[in-house]
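Residue numbers (the working numbering), protein chains in the order written: chain A, 1 to 345; chain B, 1001 to 1345.
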DNA sequence: CCTACTCGTGAGAGCGCTCCCGGGCTAGTT
DNA sequence: AACTAGCCCGGGAGCGCTCTCACGAGTAGG
């Protein structure tokens, strides 16, 4: 069998067999060394490693996958019907965390994006068909059955953000939105503000609910402080502007506002300026997300930062554990948020 | 051989062999049908398709890869040492274009990120080792030999943005920066501005060079219009602020400024405000990139938009052509920019 | 009527790897 | 000295697919 010495494929990648020949051992032994099995003598291991080095051997992913029946890759699924994904650093940062954590394990990161309903269905097919060992799902909508469909299929899945309908044991990683909102609001209080309004997000999303809960929690038990001075938005700048106008109408004396997203905070600042209020002199503002925009507003926006990269890492770690253990459920992980102080308070 | 009926693997995926059995043909014929070969009779094709449908057959990627010696996937390589990648919509939008174009061809999108020098080296290894059929490289630095190293290796590579050192026939897709800058500057002129300054980017990057060239081109031949009223920045907000202060010092009478990035434009607006100038009444401002931030400044920033998603699609198309043709070089593609009018002019 | 060619098809031979069984060897036990 | 228990190691089998080759049947040409 000299087929190893077939035609010169240009950048011919050596195979296990060739390494084995060079090292004077068998294919099996080389495989054992490459995969770190302890069942190899020191001598054999050394000569194999030498041959590997010499020939520049790299295992063939496809062959390994075929033999092990694993895909050695995970999918990062962005199933966002809107096109404004990625305008926030959130995804990129998450992705970086995932990438970093994954690179150590040798798994590939396959990016899957779905906007249309048809693409959405394809994603499900794709993942179910075993092209990946597990999936990280971001920006999944509340009524989307995708995660459960995949779990039923036996595919390990991890989500970002607590799902609204808390399904039994759907693995997820989230930041402590309640505590973040509480800390932001408390900070306003500690800086002497007493009429603190809130612009919160949709109450059919866990972030919306949690951030409002945090706001209320911070004000609970404080004397002479209104706790229900809140208006609802949809996280967009326009909705923030609108909400702010309503709030000013309801209480022209308000001296601070907690916005559940930076975009809404930006809208609020615009409305405040239009109403002749100065930030932070007349009204202090805090946002949430610590987006890029927060750094460039005038004044720069104090905001709650989610450790997005860390969240990516945690999601990955969780997923790898699930994949290894062959399980599909595990306890959620909640990571702490941090208040970033800037000029708007 | 009943090994097809081995243990019930839960979600046992059917193999070619099983489909063949169900359809009453041989493996080879099924393969031909699945791969769209014309060498199949209508009868055979029909019964195979029926069996495929019935059993829910999906080809095993790894097996196919192994047999064809292709990876059936392309890498999207982000080799950015800085951590501020993805804060701009640029990457996300590019990625979306790539993803859309790729999904039609059935290739996988593998995301590879490299920040540290070590990761950087790993990326090269990774791509060279044939784990992917080609690579899309974004944010490659001028002195980075990565693209050429890969090309020498025979790997098809496509870059975003014209490389500084215009190397013979390195495939790339870029937007028409010269024309974009020219149009932006011309727009300022047409609105009656006559003392138009520029804040340009580093001149060791093609975007920096091109955008300055466009600015100069717009003003060339206009009487009584200064053409060298420019200061340099590094695309950051701080540098824009600094440059604006310098410009105001050099010409307190200037009535417009073209900034080669939105971030620098934001910095410029801040410096203008600090100097008591109103935007756009006293000084008009245009930016470049049409970033998310541009929409949220006060006033909203007029800016040049690059068709990033289209660029992603073009890059992908180019890469697929290269992969198919077995070539590594092709002519660049330049896509047009668009001026987005907002309140800052 | 025989040869030549085309067309659809079946089947063997891999692609490069892992897994597992069994054999040879050494060391420890009776 | 014979026997068992480990430890290494070799190599067969197989993962699911593509590719090539050859064969039989049909059609055309001489």
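C-beta atoms are modelled at their ideal positions from N, C-alpha and C, and glycine is treated no differently.
Quantities reported herein were computed from a predicted structural model and do not represent experimental measurements.
Among residues of its own chain, excluding the 5 on either side of residue 147 (chain A), which ones have a beta-carbon nearer than 7 Å to its beta-carbon? 137, 140, 157, 159 and 170.
Please name the residues in the region 123-139 of chain A whose beta-carbon is closer than 8 Å to at least one beta-carbon of chain B, in chain order. So the list reads 125, 128, 129, 130 and 131, given in the order they occur along the chain.
Beta-bridge pairing of residue 200 (chain A) - partner residues as DSSP gives them: Paired residues: A:232.
Kindly give me the distance between the Cβ atoms of residue 1101 (chain B) and residue 1316 (chain B), rounded to whole angstroms, as I take these residues to be in contact under 8 Å. Confirmed, about 4 Å.
Go through the region 77-127 of chain A residue by residue and report every complete run of the alpha helix (DSSP H) that reaches 4 residues or more, in order. DSSP assignment within the region 77-127 of chain A yields the following whole alpha helix (DSSP H) runs of 4 residues or more, N-terminal first: 89-103.
Distance between beta carbons of residue 1225 (chain B) and residue 1250 (chain B), contact taken as under 8 Å: Between residue 1250 (chain B) and residue 1225 (chain B), the beta carbon gap of about 15 Å keeps them out of contact (Cβ cut-off 8 Å).
Please list, in chain order, the chain A residues whose beta carbon lies closer than 7 Å to that of residue 1296 (chain B). Identification of chain A residues near residue 1296 (chain B) by a Cβ-Cβ cut-off of 7 Å yields 237, 266 and 293, ordered along the chain.
Would you tell me roughly how many angstroms separate the C-alpha atoms of residue 15 (chain A) and residue 59 (chain A), rounded to the nearest one? Approximately 7 Å, taken between the alpha carbons.
Answer with buried or exposed for residue 68 (chain A), where buried requires no fewer than 16 other C-beta atoms within 10 angstroms of its C-beta. The residue is exposed, with fewer than 16 neighbouring Cβ atoms inside 10 Å.
Tell me whether residue 1185 (chain B) sits in a helix, a strand or coil according to DSSP, three-state version. In the three-state reduction of the DSSP assignment, residue 1185 (chain B) falls in the helix class.
Nearest-angstrom Cβ-Cβ length linking residue 109 (chain A) and residue 98 (chain A), presumed shorter than 8 Å: About 6 Å separates the two Cβ atoms, so the contact holds.
Spatial neighbours of residue 172 (chain A) within its chain, please: CB distance less than 6 Å, with the 5 preceding and 5 following residues excluded, ordered by chain position. Beyond the five residues adjoining it in sequence on each side, residue 172 (chain A) comes within less than 6 Å, by CB distance, of 159, 162 and 332 in the same chain, given in chain order.
Identify whether residue 312 (chain A) lies in helix, strand or coil by the three-state DSSP scheme. Correct three-state label for residue 312 (chain A): helix.
Taking only the alpha-carbon atoms, compute the straight-line gap between residue 74 (chain A) and residue 118 (chain A) and give it to the nearest angstrom. Per the coordinates, the alpha-carbon of residue 74 (chain A) lies some 21 Å from the alpha-carbon of residue 118 (chain A).
Under the three-state reduction of DSSP, which class applies to residue 1267 (chain B): helix, strand or coil? DSSP places residue 1267 (chain B) in helix when its eight states are reduced to three.
Within the region 1017-1066 of chain B, note down every full alpha helix (DSSP H) run reaching 4 residues or more, in order along the chain. Here the runs fully enclosed are 1027-1034 and 1042-1055.
Looking only at its own chain, which residues have a Cβ that is under 6 Å from the Cβ of residue 1198 (chain B), when we skip the five neighbours before and after it? So the qualifying residues of the chain are 1215, 1230 and 1258.
Across the region 40-49 of chain A and the region 21-28 of chain A, are there enough close Cβ pairs to call them in contact, namely three or more that are closer than 8 Å? Result yes; three or more Cβ-Cβ pairs closer than 8 Å.
Rounded distance between the beta-carbons of residue 1264 (chain B) and residue 1233 (chain B), thought under 8 Å: Yes, residue 1233 (chain B) and residue 1264 (chain B) are in contact; Cβ-Cβ is about 5 Å, under 8 Å.
The region 1065-1081 of chain B: positions lying closer than 8 Å to chain A by Cβ: Against chain A - using a Cβ distance shorter than 8 Å - the residues of the region 1065-1081 of chain B are 1065, 1066, 1071, 1073 and 1076.
Cutting at 8 Å between CB atoms, please list the residues of its own chain near residue 27 (chain A), excluding the five before and the five after it. If you ignore the 5 residues before and after residue 27 (chain A), its C-beta comes within less than 8 Å of the C-beta of 16, 17 and 20, all in its own chain and listed in chain order.
Segment contact, 8 Å Cβ cut-off, at least three pairs: the region 1233-1249 of chain B with the region 1172-1188 of chain B: The region 1233-1249 of chain B is not in contact with the region 1172-1188 of chain B.
So residue 113 (chain A) contacts chain B; which residues on that side make the cut at Cβ distance below 7 Å? The contact set of residue 113 (chain A) on chain B, defined by CB atoms closer than 7 Å, consists of 1096 and 1099 in chain order.
Would the beta-carbon of residue 55 (chain A) fall within 8 Å of that of residue 311 (chain A)? Taking 8 Å as the Cβ cut-off, residue 55 (chain A) and residue 311 (chain A) do not qualify as a contacting pair.
Determine, for residue 344 (chain A), whether the minimum Cβ-Cβ distance to residues of chain B falls below 8 Å. Residue-level contact check: residue 344 (chain A) does not touch chain B, since none of the beta carbons of chain B fall below 8 Å from its beta carbon.
Report the rounded CA-to-CA distance for residue 192 (chain A) versus residue 1318 (chain B), giving the unit in angstroms. Distance between the alpha carbons of residue 192 (chain A) and residue 1318 (chain B): 60 Å.
If we ignore side chains and look at the alpha-carbon of each, how far apart do residue 1271 (chain B) and residue 240 (chain A) end up? Their Cα atoms are separated by approximately 27 Å.
Leaving out the 5 sequence neighbours to the left and right, which residues in its chain are closer than 6 Å to residue 344 (chain A) when beta-carbon positions are compared? For residue 344 (chain A), where only same-chain residues beyond five positions count, the Cβ hits under 6 Å are 279, 280, 285, 299, 301 and 302.
Just checking residue 170 (chain A) against the ligand MG - is the residue's beta carbon closer than 7 Å to any of the ligand's heavy atoms? With respect to small molecules bound, the structure shown includes none, and the ligand MG cannot be examined in it.
When the cut-off is 8 Å and only beta carbons count, does residue 1012 (chain B) lie next to chain A? By this cut-off, residue 1012 (chain B) is not an interface position.
Return helix, strand or coil for residue 1275 (chain B), following the three-state DSSP convention. Reduced to three states, the DSSP call for residue 1275 (chain B) is coil.
Alpha carbon to alpha carbon, what distance is there between residue 1268 (chain B) and residue 107 (chain A)? Distance between the alpha carbons of residue 107 (chain A) and residue 1268 (chain B): 45 Å.
Determine the DSSP secondary structure at residue 69 (chain A), reduced to helix, strand or coil. Note: residue 69 (chain A) maps to coil in three-state DSSP.
How many Å lie between residue 1297 (chain B) and residue 1262 (chain B) at the Cα? Whole-angstrom Cα-Cα distance: 10 Å.
Would you list the one or two residues that DSSP bridges to residue 260 (chain A)? According to DSSP, residue 260 (chain A) bridges with nothing at all.
Alpha-carbon spacing of residue 322 (chain A) relative to residue 276 (chain A), whole angstroms: One C-alpha to the other measures close to 55 Å.
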